[in-house]
Amino acid sequence: MIFDGKVALITGGAQGIGRTIGERLHKNGAQLAIVDINADAAKATAAELSASGARCVGYACNVAQSAEVDAMVDAVLKDFGKLDILINNAGITRDGLLVRMTDEAWNAVISINLTGAFYVLRAVARPMMKARSGAIVNIASVVALIGNPGQANYCAAKAGLIGLTKSAARELASRGVRVNAVAPGYIETAMTAKLNEEQRKAMLSTVPLGRAGTTQDVAGVVSFLASEEASYLTGQVISICGGMAMA
Ligand code: NAI
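Under the working numbering, the first residue of the sequence shown carries the number -11, and numbering increases by one thereafter.
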């Protein structure tokens, strides 16, 4: 139980990749703060997991609203007394070719995927620095490294998240807080279920390992980064993409 006694906060934790990461940490002993804009789903996921192990609590929060984020982090600290792990996972897509991309589609993706991650990271940094320990994992995307037509907003937000990861890693290292990112490729979730068959085939043709990734594929690497096994890693970006990008 490598996460025994640890408290992990996961944004966008009600479903998809965030939920599987939560399940993985919880299976290994972590208590969870499951944060999601979908309040009912966050609470249902927390209740379901709590039934089989360490305590989990669901919190309703839109990560794009800084006051909501600050209040949510205060509530988590009050409920659990500390915070050891942050998984910055909440994200959306609003795809469109860039010449047709509306201000609204651009701003929505930047404000949730990048600014939201910053708000949560900023709010947890102080208590983690005070505790002189913490592990933060930001969920970026392989398209931040290689680009993707139709996803200018998403690629820009995720590339920004990688820059945020590296700056935060340098700022927080001396206080014992590690900050890393993962860059998943094509992972089967509700987000990618929106792609049509042609887009799916085109995407898969770029994957050397020849299959879509699963949420478990992501959770394994995130769990490693959040654990003491990764105690000498900070500011790193690990691609989980079946070889779509090779650094
Ligand atoms: P998903 O759509 O299944 O889940 C996203 C979760 O985030 C949902 O529970 C949703 O309610 C929550 N959420 C959305 N906006 C929010 C907000 N403003 N505040 C709080 N919670 C919010 O998506 P999926 O596929 O599980 O993605 C999770 C993360 O992984 C995202 O950051 C996504 O960009 C990233 N990712 C996904 C890939 C994929 O192929 N599915 C590939 C690379 C990265």
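Glycine is no exception: its CB is placed at the ideal position from the N, C-alpha and C atoms.
Since we're looking at a predicted model, the values are computed, not measured.
Residue nearest to residue i in terms of C-alpha spacing, selected from the options
i, options, result
"ILE127", "PRO137, GLY104 and VAL112", "GLY104"
"VAL45", "ALA161, ILE150, GLY1 and ASN16", "GLY1"
"LEU149", "ILE134, ASN168 and LEU160", "ASN168"
"ALA233", "ASN184, LEU197, SER211 and SER219", "LEU197"
"ALA(-4)", "LEU13, GLN3 and ILE5", "LEU13"
"ALA132", "ILE73, GLY173 and ILE75", "GLY173"
"PHE265", "ALA235, GLY79, ALA207 and ALA119", "Because the chain here runs from -11 to 235, residue 265 falls outside it and cannot be looked at."
"VAL61", "VAL108, THR153 and ASP205", "VAL108"
"GLY69", "GLN19, LEU152 and ALA235", "GLN19"
"ALA144", "SER162, ALA161 and ALA96", "ALA96"
"GLN187", "ALA147, TYR142, ASN136 and ALA161", "ASN136"
"LEU160", "SER54, MET117, TRP94 and ASN101", "MET117"
"LEU102", "VAL170, THR180 and GLY151", "GLY151"
"LYS15", "LEU37, MET191 and GLN3", "LEU37"
"VAL170", "ALA200, ASP91, MET191 and CYS229", "CYS229"
"LEU65", "ASN50, ALA113 and LYS31", "ALA113"
Neighbourhood of residue i by C-beta distance below 8 Å, restricted to the same chain and skipping five residues each side
i, result
"VAL87", "none"
"GLY17", "MET(-11), ILE(-10), PHE(-9), ASP(-8), GLY(-7), LYS(-6), GLY41 and ALA42"
"ILE134", "MET232 and ALA233"
Cβ-Cβ distance between residue i and residue j below 7 Å
i, j, result
"ASN77", "THR(-1)", "yes"
"ILE22", "THR33", "yes"
"GLY214", "VAL125", "Per the sequence presented here, residue 214 reads as Ala, with Gly not at that position. Yes. Within cutoff."
"SER129", "ALA52", "no"
"SER219", "GLY164", "no"
"PRO115", "LEU71", "yes"
"THR177", "ILE5", "yes"
"ILE226", "VAL210", "no"
"ALA48", "ALA29", "no"
"ILE73", "ALA123", "yes"
"ILE9", "ILE75", "yes"
Cut-off 7 Å between Cβ atoms - residues of its own chain near residue i, not counting five sequence neighbours on either side
i, result
"ALA140", "LEU86 and MET89"
"ARG7", "GLY1 and THR33"
Cutoff 6 Å; reference residue i; Cβ partners in own chain excluding five residues on either side
i, result
"ASP83", "GLY138 and GLN139"
"GLU11", "none"
"ALA157", "VAL167, THR222 and GLY223"
### Message
Ignoring anything shorter than 4 residues, give me the alpha helix (DSSP H) runs that lie fully in the region 110 to 162, in order along the chain.
### Response
131 to 134 and 140 to 160
#### Entry: beta strand (DSSP E) runs wholly inside the region 171 to 203, at least 3 long, in chain order
none
### Message
I'd like the ranges of any alpha helix (DSSP H) spanning at least 4 consecutive residues and lying wholly in the region 15 to 49.
### Response
27 to 38
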